Amino acid sequence: MDNYIWKISFHIIMTLRKLVDGIYVDTDGTNGGNHGAIVLEDEVVMIDAGMIHTKSQETKGFLKKETGKPILKLVFTHSHSDHVFGAQAFEPVSLIASVPMRERCEENLKGDWEIETIKKNYAAEKNERPELWEAVQTLSIRLPDVVFKTHLFLGNNEEISVKLLGGHTAGSATIISHPHNAIFIGDLVFSGMFPYGGDPTCDPDRWIMALEEVLDLGIETIIPGHGPICGPSELERYIQALMDLRANVEDATTTGMTVSEFIEEGMIPQDITEGAERFAERTLNHWFKFYG
Ligand SMILES: [Zn+2]
């Protein structure tokens with residue numbers, strides 16, 4: 075009985091799961107954006123850090139027990155807080171990201187990421203997300219200490235390739251595990267959902283090009299930044315939805331339509347209407363400016 079209870083509560087806390095042999099993922103959403111790990115011969119490479127460092131600490135402990143290998147590297151897909159704020163849990167670890175990703179973090183530290191500003195901003199979520207609020211009290215933001223310009227390889231036999239593609243943010247990178255034919259695509263995909271595309275460095279044209287480049291690689295397993303794991307057919311539909319959204323935005327900016335009229339008149343493609351209430355306004359404000 076005790077054992078039973080332990081298992082149940084363990085499951086509630088632990089949201090990381092084995093996807094295939096050698097890849098673990100957390101797509102649950104309770105610890106910020108999706109994140110996961112790739113197991114190499116003698117080390118584990120973490121992809122993104124989650125947002126709540128106390129929860130990420132559990133992830134680290136679980137991986138260590140499960141694989142018996144140390145986590146020596148953490149690669150960031152991009153600079154958004156829901157992928158970065160859990161990083162302190164994995165120390166000591168080498169933190170890897172693209173040059174523009176690190177630049178964006180440095181800018182954030184002088185503004186939105188000042189600790190008093192963060193505490194003020196998250197105070198509103200104190201009751202709704204108590205774990206996040208508590209973690210923020212002991213948050214210490216870690217910045218990448220290894221940066222790359224275009225790409226880099228990891229693993230004794232270059233099993234992992236990391237590539238800067240941009241799009242969702244200027245510093246957005248993807249991480250491919252070649253033996254698994256799997257990609258951590260970051261927030262370039264919000265699986266089945268309307269994406270957040272309101273970052274000032276978001277470039278919708280580069281975003282669509284990045285996804286087309288990934289589609290051409292014929293990768294079987296796609297681990298998105300948010301939402302469930304998907305494959306090439308979902309990716310193809312997602313690209314089409316973003317292209318339709320872009321075309322509609324371009325039309326709207328020539329006719330002088332506003333963002334709220336755009337949303338009210340159903341100009342959001344069917345495949346990505348889910349989650350539009352969260353992100354559509356902020357995303358479209360940026361995209362209207364981008365094409366206007
Ligand atoms: Zn993001």
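Everything in the sequence shown is counted per the working numbering, starting at 75 for the first residue and increasing by one. Even for Gly, the Cβ is constructed at its ideal location relative to N, Cα and C. Note that this is a predicted model, so its numbers are computed, not measured.
Where residue i sits in the DSSP three-state scheme
i	result
residue 362	helix
residue 244	coil
residue 110	strand
residue 261	strand
residue 288	helix
residue 167	coil
residue 134	helix
residue 334	helix
residue 98	strand
residue 193	helix
residue 296	strand
residue 353	helix
residue 92	strand
residue 346	helix
Proximity below 7 Å, CB of residue i to CB of residue j
i	j	result
residue 169	residue 133	no
residue 126	residue 205	yes
residue 216	residue 163	no
residue 359	residue 323	no
residue 306	residue 265	no
residue 311	residue 345	yes
residue 271	residue 357	yes
residue 384	residue 255	The structure shown does not extend to residue 384, since the chain is modelled only from 75 through 366, so no value can be given for it.
residue 136	residue 175	no
Own chain, CB closer than 6 Å to residue i, minus 5 neighbours either side, in chain order
i	result
residue 350	268 and 342
residue 250	235 and 257
residue 178	153 and 245
residue 141	113 and 118
residue 124	105, 106, 109, 130 and 160
Buried versus exposed, by CB contacts within 10 Å (16 or more), residue i
i	result
residue 233	buried
residue 108	buried
residue 114	buried
residue 326	buried
residue 157	buried
residue 300	buried
residue 243	buried
DSSP bridge partner residues for residue i (one or two, in chain order)
i	result
residue 214	According to DSSP, residue 214 bridges with nothing at all.
residue 147	119 and 168
residue 222	172
residue 200	None; residue 200 has no bridge partner.
residue 280	Beta-bridge pairing links residue 280 to no other residue.
residue 237	225 and 248
residue 179	Bridge partners of residue 179: none, in fact.
residue 256	251 and 295
Beta-carbon contacts of residue i that lie in its chain and below 8 Å, excluding the five residues immediately before and after
i	result
residue 313	282, 285, 286 and 289
residue 248	151, 236, 237, 239, 257, 258, 259, 260, 262, 284 and 288
Other residues of its chain near residue i: CB distance less than 7 Å, five sequence neighbours each side excluded
i	result
residue 119	111, 112, 147, 149, 228 and 234
residue 219	168 and 169
residue 214	162
residue 397	With the chain covering only 75 through 366, there is no way to say anything about residue 397.
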